[in-house]
Every structure is written in structure tokens, then in C-alpha cells.
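Each remark here refers to the structure printed beneath this line.
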Amino acid sequence: MERRKSIGEMSTAELADLLAQVRAGDSDAWGDLYRQYAPAIFRFCRRALPTREDAEDATTEIFMKVRQKLGMYDSSRPFTAWLYKVASNHCWDLLRRRRIRQDLETGDLETLPLEHPDPSQLEQLQIDHDSKHVRAGLAKLPDRARMALVLRYYSEMSYDEIADTLGVRRAFVGVLLLRARHQLREVLAESGGGLHGAAAGGRP
Amino acid sequence: MSHFDEMTALLYLEGQLDADHAEGVRTHAAGCAECRGLLRALQTESVWLRESLEADDESVPARLVQAPEHGGAPWGWITALGLSAGGAYTAWSGFIEPWQARASQAGFTQGNLLTMLFFSGAFWKGWDAMRSLIEFLAMATLGLVVMWLLRRRLRRTTALAVVMGALALMVALPSSAGAAELKHGDPNYTLPAGEVIHTDLIVSAGSTRIDGDVEGDLITFSSNVTVNGHIKGDIIAFSQQLRVNGPVDGNVRAFVQSLQLNGKVVRNVMAWAGDVNLDQDAIVNGTLTAGSGHLEVNGKLVGDLLAYSGDVDINGQLGRNARIRSGHLTIGSRAEIAGQTTAELRQPPEVSSSAKMGSPLDWKITKRSSETNYSSARYYVHQILKWGASFVFGLALLFLMPGFFFDAVRACNKTAPAIGFGVLFLFAMPIAAFIVCITVVGLGVGISAMMLWLICIYAAQVLVGAWLGEKILGASAGVGAALGRLALGLAILRALGMLPYLGGWISFVVVIWGIGAVALASYKNMRPQVAAAVAAV
């Protein structure tokens, strides 16, 4: 079911050729590779990290890593998957380093009991909030919750990959995603006003 | 099967349940409207989340559209090296030199080339009064190095607070006098005769009169200052008028409209003033450095004279050399100059035949090159050529280092930090480069750093120009648009620079601003290098 964000129109053969040139130290080829993938990686970082500045910095840093680690890339696997893996690892490292200092602020949220949503109110929440609201709400989520949602619903990563990136057991990924959805509903309901029922609904 | 929970519903929708469990869910949902409703709501939520995340409503920054430049690395290293040299200088002047001085006092004298050349030489002495400023800048550069080293370990604000705190402490440490006494005039302040201030005295008042004694420094912000008492430290004055009648054991540093010295100054005098007058009774044991409209030396100056003045009138005693750059020079009949007098003038000097000169006056006429002739067409052609040159430079910069160019232009947005860094780099970089030249690191690096510094000064207008163009025309992506913005911005800056009086100041601010932006952008460009290094370990 894995479906990555499609990037550009480059064929597999063209990409393999380009990668070979980059490995050979061709800086023009590196420039082409960068121009091809940097916008997509920026978009990913923009969703995974809380601010635009963070995303810009991270994009540059990710490509530095990519250039350094290109020798480790296994060409039998899709390049995009590898690239997203490097990007998500980098973003998560970045967030984790900050989280050590912020744990007290966000740790409590993860232990909140989850109440079942009322489907009609959940649908209403979706009607009331467009993509901008969702993205703004996402930026307010704890890092791990935001990262889990982005890896799953933007990067289309498998549960195994998410577990590997975030350093959690595979069985915990579902819990993580469900909590993240609850937190997002909570944030959106608060920002929208009067929609608390969707997040803490009435189903027994 | 009873109703399933939300977790199960989500795992079912995401294909994460084993076949038996999934079948159980499917069967139950077929007969349970409530659970079907939950499944539908979660499914819709998944679609909504995907669509919201995929929605592309934000532009990719222009700097990311360009491939990252690797030419930034040596730049970063050279800057870091320059900064480290600033730190090395601090260590030199703070530890090695005092140690040498003590050794020398104890009889272990040795001719040290560096000390002789730069710390005892005539040129250096002329700027002795500036030394604490240079030390401060060196400390500041050291602080930056520390901040740069610590930035991965601490949050930026914390690092800043720690380093700035440490810096303040280090700068404060040498003045062991302790807390200064602060006085605010109401509106005037007088320290009566017989009273003694045992620490530094800082006064801000309409008019300040010091009849008593100050054992530390006297720092004053007043319109009129008269000092009759004994100042054992330095006098630092920002005022309209400063009259010093009493003895000063330290330096006098004056930023004033008019400075009148009647007493004895044991160390140096540095004055940026409209009028500077060393009265007949005045004695300055050190050097007099003056940037003034009018300078009159009637008293005794034991050290060198370094003057950049509109008019210079010497009618007193000069113990050493005089170096003068002035519109007009008069050497009166009572003048006695022991050393060599060198003058660059706009008119021939008037030298009294009774004046006693240690060696003949060495003078030449210099033309004022900066005089602007607004009615001449050549002036405008020249301006257009200058605009063209800066545009070509910008073009080269844009094509050779696009990443850096866009970073630096973006850094111009951070006006206050850019100007702050600009001031620091404008002064600290040449000092650091100079020290690199004469210390262990080597001449090549020092000269490269100096060249780079000059290039940065020139690049400053280009970056600020590009920034200005972007503010006016908007930030559309692509090189063509960037060139258009650059051309417009540079033209506006050039036009502003042509304004009489203000133009020079505008250009100066632009240089500081731009050089600060270069510093910020290089700092930013250095960061990935560190990240890569960390990852490689």
C-alpha cells in the first residue's frame, strides 16, 4: 500500500544515471538532484517541524546528509523512500533533541484517557476546518504526535517504518496515531469553538 | 461480538489487524449501524487528513530552489579563524603581555619584535587610547566563537545569555574598582571640593562640575562639564563643552563640541570635537589624538600628536613627532617641536621664523577628492559607472554563490542583529586579520581575510540593494527577477548615496547592515557543516 509523494517526472533510468554522476562528484548533477527533490523535502519538513525557519534549515541540512550518505543508498530500493527516510530521521532527531527540554510541557497529553468520538460531530469538525486550519493545528501538536501523523498520512510510511523512525515498538504506532488524531481534534475544536463534543464525544 | 473500540476500528481501516480479527470486525459492522458510523467517520477523517496535508498552499523559499553552494565552507573557516585570532589576541594582551611586563620589571628584558613594532611603535601609541575598545571587540569575537561552539549543546537563547553574561563579566573584571557611583543631576550636578568618590563616577546632568576628587573613572553625559578636582582614572565625556582644569592620572577621551584642557593629563588625550584647545598651562604626558574642526596646542605635549583637523594651530611644546592632516596649519613663534612634523594640507602652512623645529617641516598639499560637483555631467556618468560595477559584482555573486546570496539578502531582514554584527565585523575583522598576519597563523591567511573583508564591504551595498529591490518589487522566484530587484535596489542606494551630507551616512549604514547580513548568512551556512561533522563522528 506504500505510496510516496510523487516527485518530478524523472524516470528510474534517468534517476540512476543522475545518482551515478553525483556519486562520481559531478556538482552539476548534484545541483540537478537538489533542484528536483529539495522542494518536496521542504514541504515534508514544513509539515514535520513547527516553523518555516526550522523547515528551511532542516532541508539544507538533510541534503548535506544525503550527499554525505549517498554511498550508503541501496539502489535496489526506491530513492524517494530512502530520501524520506533520511529526512524523517533528521527531523525526528531534531525534534527529539528539543523534546528532552520540553518533555514536561507535552508529556501529560500522552497519558490522557481517550474517549470515543461522536461520528456526526467528527464529520462536522472536518466540515468546519480547511487544510490551513489542519496545518495550523498540526503545528500545535506535540512533536511525536505531529510526526506520526505526517509520516503516516503525508509520507505514507508503513507502521514498521514509523516505528523505526520514531524509535517505538510497532504495536505502539496505532496508539500513537489514534492519540495524535484525538489531540488534533482537541486543538481544532478549541480553535473553532463549540465543537468539543467531537473530541470528547458521546459514544459509550 | 460487542461494539468494537476506536483503536480497533482504526487498525482495521489501516489494514493492521490479522485476518481473523479483521473478519470479526467486518461481520460486526455489517450488522451494527453505530460501528459502521464510527468506521465511516474515521475513514473520512483519514481522507481529510491526507488531503489537508497534501494541500500545497505555501511557496518554497527562493534560496532552497538553488543548489547549495560548497564555496561557503572556506569562507566559514576563514571567518572562524579570524574570530579565533581575536580570542588569541585577548589571551596575548590579557596574559602573555602582562607576564612579559612583569618579567621585564624583574630584569628579564628581551627585545620582542612584536611588542616593539606594534605596541611601542609610534603608530600604535597614537591609538593607545583606543586600546580598550579594541580589547572589547576582541572579547566580543571570542564570545562569538564560544557561542558558536556551544550552540549545539544549548538552545540559542540560552547560549546567548550565557555568553553575553560571561562577556559582560570578562569586560567588567579588569576594572576592579567595583560598582560605580551613578549620579543624575537635578538638573545640574556638583561634586563639592573636599569630597572624594572612591569608585567610578557616572554622571548624567545638564551641567556637571567636579571640584572634588574621583579615584576611578569619570564618565559623564552632560551639556557642560568642568573638572577642577583630581581624577585618578580616565575622563570619558560625551558633552557639549568639557573643561579640564584639574589633574587627570589616566586618559581623557572626549566626544564633545569643545574641549579645553588647562591641567595635567598623565596619559593620553583622544578627542573627537569641534574645537580642541590645549591651554598654555596644559601638560599631556602621552599622545594627543584629535579629530576636530579646530585644534590649538598652546601647552606642552610630551608624546606624539596625531591630528585630523580643519585648522591646526601649534604654539606650544611638542616632545615627539607630529602627524597632521589638515586644511590649514599655523606654527607660531612660541612653538617647539622636538621630533619630526609631517603634514598633509590643503594650503601652504604658516610657520613663524621664531618657531623651534627639531627637523624641517615635511608638508605637501593634498586635494580634496571627495568634493562633490553636482553640476558636472562627469559626476553623474561616474555614478552610473559605479552603479554598473556594483551590479556586475552582484551578478557574479548571484551566479557564483546563489545560496549564499539569497541567504545574505534574507539576513538583511533581521535589521538589528545585522547592524550589530556589522559594527562588530567592520572593526573586529581587520584587527583579527592584522593579528593573524603577525602571529602564528601566517601572512597568507591574514591577507586573504583582509581581502575578504574588503570584498564584504563592497558586497554589502549589493546585498542591501537586492533586499531593497525585493521590498519594492516583491519576492518572486527565479534569477531574472532577482537581477531586476538588484538593479533597482542598487540604483536607489546609489541615488541616496548622492545626497549631500546624508549620503555618506546612508552609505555607511548600508555597509554596516550588509556586512552584518554577510556575517549572519555565513553563520547560517556553517551550521550544516557542523551537523555533518557531528553525524560523521
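So the sequence lines, in the order shown, correspond to chains A and B.
When the letters of the first sequence are read in order and numbered with our numbering, they come out as residues 19 to 222.
When the letters of the second sequence are read in order and numbered with our numbering, they come out as residues 15 to 551.
Using N, Cα and C, we set each Cβ at its ideal position, and we do this for glycine too.
For ARG223(B), the three-state DSSP class (helix, strand or coil):
Here residue 223(B) refers to the residue found at position 209 of the second sequence. Reduced to three states, the DSSP call for ARG223(B) is strand.
Considering only DSSP beta bridges, list what VAL210(B) is partnered with.
Looking up residue 210(B) in the second sequence gives position 196. ASP227(B), per the DSSP bridge assignment.
For ASN276(B), the nearest candidate out of GLY305(B), GLY313(B) and ILE245(B) (CA to CA):
Along the second sequence, read from residue 1 onward, the residue named residue 276(B) stands at position 262. Closest by alpha carbon: GLY313(B).
Three-state secondary structure (DSSP) at PHE18(B)?
The residue you call residue 18(B) lines up with position 4 of the second sequence. Of the three classes helix, strand and coil, the one that applies to PHE18(B) here is coil, per DSSP.
Test item: CB-CB of LEU466(B) and ALA480(B) under 8 Å:
For the purposes of this step, residue 466(B) is identified with residue 452 of the second sequence, where counting begins at 1. For the purposes of this step, residue 480(B) is identified with residue 466 of the second sequence, where counting begins at 1. At least 8 Å separates the beta-carbon of LEU466(B) from that of ALA480(B).
Check the Cβ of ASP70(B) against every Cβ in chain A and list those closer than 8 Å, keeping chain order.
Taking the second sequence and counting its residues from 1, the one referred to as residue 70(B) is at position 56. Ordered by position in chain A, the residues that pass the 8 Å Cβ test against ASP70(B) are ARG61.
Should ASN282(B) go down as buried or exposed, given a rule of 16 or more other Cβ atoms within 10 Å for buried?
Counting from one through the second sequence, the residue named residue 282(B) turns up at place 268. Buried is the call here.
Can you pull the chain A residues whose beta carbon is under 7 Å from the beta carbon of ALA55(B), in chain order?
Counted from its first residue, the second sequence places residue 55(B) at position 41. The contacting residues are PRO135, PRO137, LEU140 and GLU141.
Under 7 Å Cβ-Cβ, which residues of chain B neighbour ARG65(A)?
The sequence position of residue 65(A) within the first sequence is 47, counting from 1. Chain B residues near ARG65(A): LEU67.
In chain B, which residues lie less than 7 Å from GLN201(A) when you measure between Cβ atoms?
By 1-based counting over the first sequence, the position of residue 201(A) is 183. Within chain B, no residue comes near GLN201(A); the closest Cβ sits about 13 Å away, beyond 7 Å.
Could you tell me whether the Cβ of ALA34(A) comes closer than 8 Å to any Cβ of chain B?
Stepping through the first sequence from its first residue, residue 34(A) is reached at position 16. Not an interface residue.
Measure from the C-beta of PRO68(A) to each C-beta in chain B and report whether the shortest distance is under 8 Å.
Locating residue 68(A) in the first sequence gives position 50, counting from the first residue. With 8 Å as the cut-off, PRO68(A) does not count as an interface residue toward chain B.
For ILE520(B) and GLY511(B), what's the separation of their Cα atoms in angstroms?
For the purposes of this step, residue 520(B) is identified with residue 506 of the second sequence, where counting begins at 1. For the purposes of this step, residue 511(B) is identified with residue 497 of the second sequence, where counting begins at 1. ILE520(B) and GLY511(B) have their C-alpha atoms spaced approximately 6 Å apart.
Can you find a CB in chain A that lies within less than 8 Å of the CB of TRP62(B)?
In the second sequence, residue 62(B) corresponds to position 48, counting from 1. It does; some Cβ of chain A falls within 8 Å.
Identity of the residue in ARG360(B), GLY353(B) and PHE419(B) nearest LEU343(B) by Cα
Taking the second sequence and counting its residues from 1, the one referred to as residue 343(B) is at position 329. Among ARG360(B), GLY353(B) and PHE419(B), the Cα nearest to that of LEU343(B) belongs to ARG360(B).
Pick from THR240(B), ALA69(B) and VAL365(B): whose alpha carbon is nearest that of ASP327(B)?
Your numbering for residue 327(B) matches position 313 in the second sequence. Considering only alpha carbons, the answer is VAL365(B).
Bounding residues of the beta strand (DSSP E) (the contiguous stretch that carries LEU375(B)):
Looking up residue 375(B) in the second sequence gives position 361. Element bounds for LEU375(B): n/a, residue is neither H nor E.
Hey, would you say the C-beta of ARG337(B) is under 7 Å away from at least one heavy atom of the ligand NAD?
No copy of the ligand NAD appears in this structure; indeed no ligand is present at all.
Using 8 Å as the limit for Cβ to Cβ distance, is MET415(B) near chain A?
Position 401 of the second sequence, counted from the start, is the residue given in the question as residue 415(B). Among the residues facing chain A, MET415(B) is not included, as its CB has no counterpart in that chain under 8 Å away.
Identify the contact partners of LEU52(B) in chain A, using a Cβ-Cβ distance below 8 Å as the criterion.
Here the question's residue 52(B) lines up with position 38 in the second sequence. Neighbours of LEU52(B) on chain A, chain order: HIS134, PRO135, PRO137 and ARG221.
Burial state of ALA23(B) (16 or more Cβ within 10 Å)
Counting from 1 along the second sequence, the entry for residue 23(B) is found at position 9. Its Cβ being crowded by 16 or more others within 10 Å, ALA23(B) is buried.
Per DSSP, ALA531(B) is paired with what?
Here residue 531(B) is taken as the residue at index 517 of the second sequence, counted from 1. Checking the DSSP bridge columns, you'll see ALA531(B) has no partner listed.
Using a Cβ-Cβ distance under 8 Å, would TYR171(A) count as near chain B?
Within the first sequence, the letter at position 153 stands for residue 171(A). TYR171(A) belongs to the set of residues whose beta carbon lies under 8 Å from a beta carbon in chain B.
Residues in its own chain within less than 6 Å of ILE211(B) by CB, not counting five upstream and five downstream?
Along the second sequence, one-based indexing puts residue 211(B) at 197. Answer for ILE211(B): GLU195 and VAL228, listed in chain order.
Going by DSSP, which residues form a beta bridge with PHE269(B)?
Residue numbering aside, residue 269(B) sits at position 255 when the second sequence is read from its first letter. In the DSSP output, where bridge partners are listed per residue, PHE269(B) has PHE252(B) and TRP286(B).
Using a Cβ cut-off of 7 Å, which residues of the segment 151-166 of chain A contact any Cβ in chain B, in chain order?
Listed by position, the residues of the segment 151-166 of chain A near chain B (Cβ gap below 7 Å) are VAL152 and ARG153.
ASN238(B) bridges to which residues according to DSSP?
Here residue 238(B) is taken as the residue at index 224 of the second sequence, counted from 1. DSSP output for ASN238(B) lists SER221(B) and GLN255(B) as bridge partner(s).
Only counting the same chain, and skipping five residues up and downstream in sequence, which positions put a Cβ closer than 6 Å to that of ALA105(A)?
Walking along the first sequence from the start, residue 105(A) turns up at place 87. Within the same chain, ALA105(A) has close Cβ partners ILE59, PHE62 and ILE80.
Burial state of THR78(A) (16 or more Cβ within 10 Å):
Here residue 78(A) is taken as the residue at index 60 of the first sequence, counted from 1. Counting Cβ neighbours within 10 Å, THR78(A) comes out buried, since at least 16 surround it.
Along chain B, which residues have their Cβ under 9 Å away from the Cβ of LEU168(A)?
The residue given as residue 168(A) occupies position 150 in the first sequence. According to the sequence provided, residue 168(A) is Val. The question's Leu does not apply to it. By Cβ distance, chain B contributes LEU67.
Which listed residue (SER306(B), ALA44(B) and GLY243(B)) has its alpha carbon closest to that of ARG339(B):
The residue labelled residue 339(B) in the question sits at position 325 within the second sequence. For the set SER306(B), ALA44(B) and GLY243(B), the Cα lying nearest the Cα of ARG339(B) is the one of SER306(B).
Through-space distance from ALA321(B) to ILE351(B), alpha-carbon basis
Taking the second sequence and counting its residues from 1, the one referred to as residue 351(B) is at position 337. Taking the second sequence and counting its residues from 1, the one referred to as residue 321(B) is at position 307. Spanning the two alpha carbons is a distance of roughly 15 Å.
So, under 8 Å CB-CB, LEU332(B) and GLY353(B) are touching, yes? Tell me the CB distance rounded to an integer number of Å.
Numbered from its first residue, the second sequence carries residue 332(B) at position 318. Numbered from its first residue, the second sequence carries residue 353(B) at position 339. Yes, LEU332(B) and GLY353(B) are in contact; Cβ-Cβ is about 7 Å, under 8 Å.
At what residues does the beta strand (DSSP E) containing THR344(B) begin and finish?
Position 330 of the second sequence, counting from 1, holds the residue named residue 344(B). Boundaries of the beta strand (DSSP E) harbouring THR344(B): 336-345, taken from the DSSP string.
Given a cut-off of 8 Å on the beta-carbon distance, is the pair TYR172(A) and ARG65(A) in contact?
By 1-based counting over the first sequence, the position of residue 172(A) is 154. By 1-based counting over the first sequence, the position of residue 65(A) is 47. The answer is yes: Cβ separation under 8 Å.
Have a look at GLN86(A) and GLY43(A) and give me their C-alpha separation to the nearest angstrom.
Here residue 86(A) is taken as the residue at index 68 of the first sequence, counted from 1. Here residue 43(A) is taken as the residue at index 25 of the first sequence, counted from 1. Going from the Cα of GLN86(A) to the Cα of GLY43(A) covers about 11 Å.
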